[in-house]
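Read through the structure below, which is laid out as structure tokens, and then see the notes.
2 protein chains.
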Amino acid sequence: MEIRPELNADSRLPIYRQLGEYLQNLIEAGSLRPGEKLPPTRELAGHLGLNRTTVSAAYEMLEAGGLIHGEVGRGSFVRNGPAKQAEGLNWSYALAQSPTPSAAAGSRENLINFSSSRPSERQFPVAEFRECCREVLASAEMRSLMQLGSPAGYEPLRQYLLRRSSVARETDDILITNGCQQAVDLLSRALVKPGMKVAVEEPVYPGLKNLFLEAGAELIGVEVGPSGAEPYSLRRALEAGAKLVVLTPSFQNPTGATIPDAARRQIVAMVRAAGAILIENDIYSELAYAGPETTRLKALEPNVILLGSFSKIAFPGVRCGWIVAPKPVIARVTEFKQLADLHTDQLSQAFLLRFAESGALAAHQKNMVVAGREKIRAVSEAARKHLEGCTYTIPDGGMNLWVDLGDGLDAAALRGLAQRAGVDYMPGRQFSVARALDTGLRLSFVGLEVSEIRRGLEILGNVVREARTSRAGALAPAGWV
Amino acid sequence: MEIRPELNADSRLPIYRQLGEYLQNLIEAGSLRPGEKLPPTRELAGHLGLNRTTVSAAYEMLEAGGLIHGEVGRGSFVRNGPAKQAEGLNWSYALAQSPTPSAAAGSRENLINFSSSRPSERQFPVAEFRECCREVLASAEMRSLMQLGSPAGYEPLRQYLLRRSSVARETDDILITNGCQQAVDLLSRALVKPGMKVAVEEPVYPGLKNLFLEAGAELIGVEVGPSGAEPYSLRRALEAGAKLVVLTPSFQNPTGATIPDAARRQIVAMVRAAGAILIENDIYSELAYAGPETTRLKALEPNVILLGSFSKIAFPGVRCGWIVAPKPVIARVTEFKQLADLHTDQLSQAFLLRFAESGALAAHQKNMVVAGREKIRAVSEAARKHLEGCTYTIPDGGMNLWVDLGDGLDAAALRGLAQRAGVDYMPGRQFSVARALDTGLRLSFVGLEVSEIRRGLEILGNVVREARTSRAGALAPAGWV
Chain R
22 MEIRPELNAD
32 SRLPIYRQLG
42 EYLQNLIEAG
52 SLRPGEKLPP
62 TRELAGHLGL
72 NRTTVSAAYE
82 MLEAGGLIHG
92 EVGRGSFVRN
102 GPAKQAEGLN
112 WSYALAQSPT
122 PSAAAGSREN
132 LINFSSSRPS
142 ERQFPVAEFR
152 ECCREVLASA
162 EMRSLMQLGS
172 PAGYEPLRQY
182 LLRRSSVARE
192 TDDILITNGC
202 QQAVDLLSRA
212 LVKPGMKVAV
222 EEPVYPGLKN
232 LFLEAGAELI
242 GVEVGPSGAE
252 PYSLRRALEA
262 GAKLVVLTPS
272 FQNPTGATIP
282 DAARRQIVAM
292 VRAAGAILIE
302 NDIYSELAYA
312 GPETTRLKAL
322 EPNVILLGSF
332 SKIAFPGVRC
342 GWIVAPKPVI
352 ARVTEFKQLA
362 DLHTDQLSQA
372 FLLRFAESGA
382 LAAHQKNMVV
392 AGREKIRAVS
402 EAARKHLEGC
412 TYTIPDGGMN
422 LWVDLGDGLD
432 AAALRGLAQR
442 AGVDYMPGRQ
452 FSVARALDTG
462 LRLSFVGLEV
472 SEIRRGLEIL
482 GNVVREARTS
492 RAGALAPAGW
502 V
Chain A
22 MEIRPELNAD
32 SRLPIYRQLG
42 EYLQNLIEAG
52 SLRPGEKLPP
62 TRELAGHLGL
72 NRTTVSAAYE
82 MLEAGGLIHG
92 EVGRGSFVRN
102 GPAKQAEGLN
112 WSYALAQSPT
122 PSAAAGSREN
132 LINFSSSRPS
142 ERQFPVAEFR
152 ECCREVLASA
162 EMRSLMQLGS
172 PAGYEPLRQY
182 LLRRSSVARE
192 TDDILITNGC
202 QQAVDLLSRA
212 LVKPGMKVAV
222 EEPVYPGLKN
232 LFLEAGAELI
242 GVEVGPSGAE
252 PYSLRRALEA
262 GAKLVVLTPS
272 FQNPTGATIP
282 DAARRQIVAM
292 VRAAGAILIE
302 NDIYSELAYA
312 GPETTRLKAL
322 EPNVILLGSF
332 SKIAFPGVRC
342 GWIVAPKPVI
352 ARVTEFKQLA
362 DLHTDQLSQA
372 FLLRFAESGA
382 LAAHQKNMVV
392 AGREKIRAVS
402 EAARKHLEGC
412 TYTIPDGGMN
422 LWVDLGDGLD
432 AAALRGLAQR
442 AGVDYMPGRQ
452 FSVARALDTG
462 LRLSFVGLEV
472 SEIRRGLEIL
482 GNVVREARTS
492 RAGALAPAGW
502 V
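As you go down the protein sequences, you meet chains R and A in turn. Position 431 of the first sequence, counting from 1, maps to 452 under this note's numbering, and the rest follow consecutively. Position 95 of the second sequence, counting from 1, maps to 116 under this note's numbering, and the rest follow consecutively.
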């Protein structure tokens, strides 16, 4: 089977996707048959006058779609048709479109993995948490914790979190959710009508973007710069009719950027004047390694809907988040919570309350901050050393930073090579709203050790440098960018 | 303030709701002022020539809506306006409609409470479960359980449940959900397009009905008789265009009815011929007290989507349900799961797996069945003794039975009197799809002790008898039914 794609350098679609879709058509038409071997990337790249990175990215795309599979040392092969399926119903017709259309291929094992914004499990205070769990298990409350609970959450935890939040007012109430992701889901169900304009940061966390898209929102991107969401860009979004604004003011995911206090006041005033609703995603602010203290938006404006979670400051496997908001909001969102899953797991709520009340949470958080400070120092030094020609921000806290490769390098196309070299990251395109963000990528550094961060950035630096060089070479004969 | 409603006996709206809405208008217009006392039910009933039950029901409705509040021994008063609220946003305008429009007023304390379909917490095997939790806490796995997990669920639990289900095939896969309620939510997101016709049982569990309504489905009721969902009624639903059918074949909530095997075969064949999707809600079948063994729909048809849960056979406070379905369904629904809340709590999944594998679940289930058998015998005897003139089914398993008061008695209107007399139940209207079901009610008996069941049915019998008598008296002067 000869591979002769018609590639168009002027298309909005990147070359690697054009190639990927061409190959997909060949497979679906049966021209490339199950079990057939694809040409090695180097060979096909030479044949087509393309950069090898581009061909790798096309193969990655097919692998993510389940059309081909790679075998170590042997190459890539067309899969043996779809998995065996019961007869009688055409599920691909019956099922809704994927709600996570931009999901990247999963990360591989044995990599220095910068791709997941999660805490380091080596740091988990297992012994302390285990002790808190044991206390709850031994308590007389155990029986009632096993019974059906309240949709609003475990009452002692609700009261504790309202006190702890320090910005909750008499006019506020709280709902416990199955992690912060569910908080956003329930709010999108309670607040978004199809066609409603919702302003979100760009780049934005995909789990947030996809929920609002599922709810039928029309998204407007608010540009995030080194000082977080830009007020001038938010103003434009409001003028364009945004009625709901979702911001992560501190250590935003994916950029790590933080909005300074002066801009926060400006933002709150603008949103209030526009009569829009403001959701403050506040899951990272307690992981502050440096920089000035900031004021929460909720402290500036009582109508703000505040989201919190134990996932970043404690551990994400025990699912617990919350919403602090004006009482009418909590009342309605609690109805959606009951509809969605009745209530959040009771044992976990009781465990986390004990963990927080015992002081173990505060101690753990302190450790996280000390370690985070070291890690961000390692990131800063290694980036200066290895990421020449790239721009990046060094965040004051949280778990992520944003790197722009510059030079028209495509981070998605580069990912396969990076994985083969031993590092992984999340390509920028995942986080886009309207802009391409192809040259950007997110590095989540907190889950890694200092030594891994150093080694990982060195590898990444080499991959980027090689891609620049080889592309400079590949550009000449074929003229592709 | 004189109360002079224009009540229309020919209206589709029951008299108590007409009266309730009239009073609501007076309160909202300010004609009945905050703090003002409403006339005693007996007095207003005499004044309007109505049954006192009807007036009580109207007051209940206003209390459930937060417009009035009752004070023991003093009467009912108009509330002091809405709760204090932050200025600047009109939340009642911004928020979506309630997704649980038919939600009944909450049950009061110190009642013999037949209103909640949940297990008895007195029966929970706390010691055994505690031991299983302790084993998990002590295990080396603890650290990875605290880390972010897989959207599909904790792998060892997935494998265990696939083996345990006995009807899962090679073409199937499994997703762990945050209880069975979430399983329905995710399926409605993955399968229902607005305007799609969905056939559900009538009477139906409201949490199921409301989810499909939120997803924009057009519901068609399938009549449930003493032998469960009626094939002739399902046929009509399919002819009317139902593309998704949701059934609880064993010990259905709210009726307790079970579909016999012959009808199951008929149902599966009809759904297959219509090319519709079939969801089998199988959360009660393991609580079988009597009757012949039945075949699961999933065993008859590989394309069936099977729902299971630990909430009924173990304890509902630890949230864990699952979906067994053809692989393409699980793949898509897992994407919605990730979008909704990333994954189900990991500790709870590990606890429940240990509980099941240790044999403690099977032992507990055996105890539940023995106790359930005694309880249903008590229900049967007490119903025969006290519920004369009512029709009811005695289920072979599960947690619920359905009582029809007959004689045009309105179960919602009667509920206030029943509560005052010391028992509570769920009025039939909660479970309606298209029919009124006003004379029906659900009794959930498993959470109660045998002595409570006896006493509760005696009280209920007295309330019903009195209502029949007093109504017979009240009918004469005013002519209302």
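Here a beta-carbon is modelled for each residue, glycine too, at the ideal position from N, C-alpha and C.
- Excluding its 5 nearest sequence neighbours in each direction, asparagine 231 (chain R) has C-beta neighbours in its own chain below 7 Å: Pro120, Thr121, listed in chain order.
- The beta-carbon of isoleucine 480 (chain A) is placed no less than 8 Å from the nearest beta-carbon of chain R.
- Scanning its chain for C-beta atoms nearer than 6 Å, with the 5 sequence neighbours on each side dropped, one finds around isoleucine 48 (chain R) the residues Leu88, Val99, in chain order.
- Measuring C-alpha to C-alpha distances from glycine 170 (chain A) to each of A:His364, A:Thr414, A:Leu481, A:Ala371 identifies A:His364 as the nearest.
- In this chain, asparagine 46 (chain A) is not harboured by any beta strand (DSSP E); it is covered by the alpha helix (DSSP H) spanning 36-49.
- Against chain A, a Cβ distance below 7 Å from glutamate 356 (chain R) picks out Ser119, Pro120, Thr121.
- Interface criterion not met: the Cβ of methionine 291 (chain R) is under 8 Å from no Cβ in chain A.
- Contacts with chain R (Cβ-Cβ distance below 7 Å) from the region 436-468 of chain A involve no residue at all.
- In the DSSP assignment, aspartate 194 (chain A) falls within the beta strand (DSSP E) that extends over 193-198.
- Under the DSSP assignment, asparagine 421 (chain R) falls in the beta strand (DSSP E) whose first and last residues are 421-425.
- Threonine 460 (chain R) carries a coil assignment under DSSP once its states are collapsed to helix, strand and coil.
- By a beta-carbon distance limit of 8 Å, valine 245 (chain R) does not contact valine 266 (chain R). Their separation comes to about 13 Å.
- It is roughly 48 Å from the alpha-carbon of glutamate 322 (chain R) to the alpha-carbon of leucine 182 (chain A).
- Inter-residue distance for glutamate 402 (chain A) and glycine 419 (chain A) is about 18 Å (C-alpha atoms, whole angstroms).
- For the region 268-290 of chain A, the set of positions with a beta-carbon nearer than 7 Å to some beta-carbon of chain R is empty.
- For histidine 90 (chain A), the three-state secondary structure derived from DSSP is strand.
- Taking a 10 Å sphere around the C-beta of threonine 490 (chain A), we find fewer than 16 other C-beta atoms and assign the residue as exposed.
- Around the beta-carbon of valine 93 (chain A), fewer than 16 other beta-carbon atoms lie within 10 Å, marking it exposed.
- Residues of the region 328-356 of chain R with a Cβ closer than 7 Å to any Cβ of chain A, in chain order: Phe336, Pro337, Gly338, Val339, Arg340, Pro347, Lys348, Pro349, Val350, Arg353, Glu356.
- The Cβ atoms of serine 453 (chain R) and asparagine 421 (chain R) do not sit closer than 8 Å to each other.
- Around the beta-carbon of aspartate 31 (chain A), fewer than 16 other beta-carbon atoms lie within 10 Å, marking it exposed.
- Contact check for aspartate 417 (chain A) against tyrosine 253 (chain A) fails: the beta carbons are separated by 8 Å or more.
- A direct Cα-Cα distance of roughly 31 Å separates glutamate 142 (chain R) from proline 281 (chain R).
- Exclusion of the five residues before and after asparagine 388 (chain A) leaves Gln144, Pro146 as the residues of its chain whose Cβ lies within less than 8 Å of its Cβ.
- Across the structure, asparagine 131 (chain R) and glutamate 84 (chain R) are spaced so that their CA atoms are roughly 19 Å apart.
- Here tyrosine 175 (chain A) is buried. Its C-beta has 16 or more other C-beta atoms within 10 Å.
- Counting the other Cβ atoms within 10 Å of the Cβ of glycine 449 (chain A) gives 16 or more, which makes it buried.
- No Cβ of chain A is located within less than 8 Å of the beta carbon of leucine 59 (chain R).
- Contact of glutamate 142 (chain R) with chain A is assigned, a C-beta pair being separated by under 8 Å.
- At the C-beta level, serine 248 (chain A) and alanine 278 (chain A) come within 8 Å of one another.
- At a cut-off of 8 Å between beta carbons, aspartate 303 (chain A) makes no contact with chain R.
- Of the other Cβ atoms in all chains shown, fewer than 16 fall within 10 Å of the Cβ of valine 391 (chain R); this residue is therefore exposed.
- Interface annotation, cysteine 154 (chain R): in contact with chain A, CB-CB separation under 8 Å.
- Under the Cβ distance rule, asparagine 231 (chain R) counts among the residues neighbouring chain A, one pair being separated by less than 8 Å.
- Comparing alpha carbon positions, the residue from A:Tyr114, A:Arg151, A:Pro26, A:Ile195 closest to valine 354 (chain A) is A:Ile195.
- One Cα belongs to proline 337 (chain R), the other to glycine 200 (chain R), and the distance between them is close to 8 Å.
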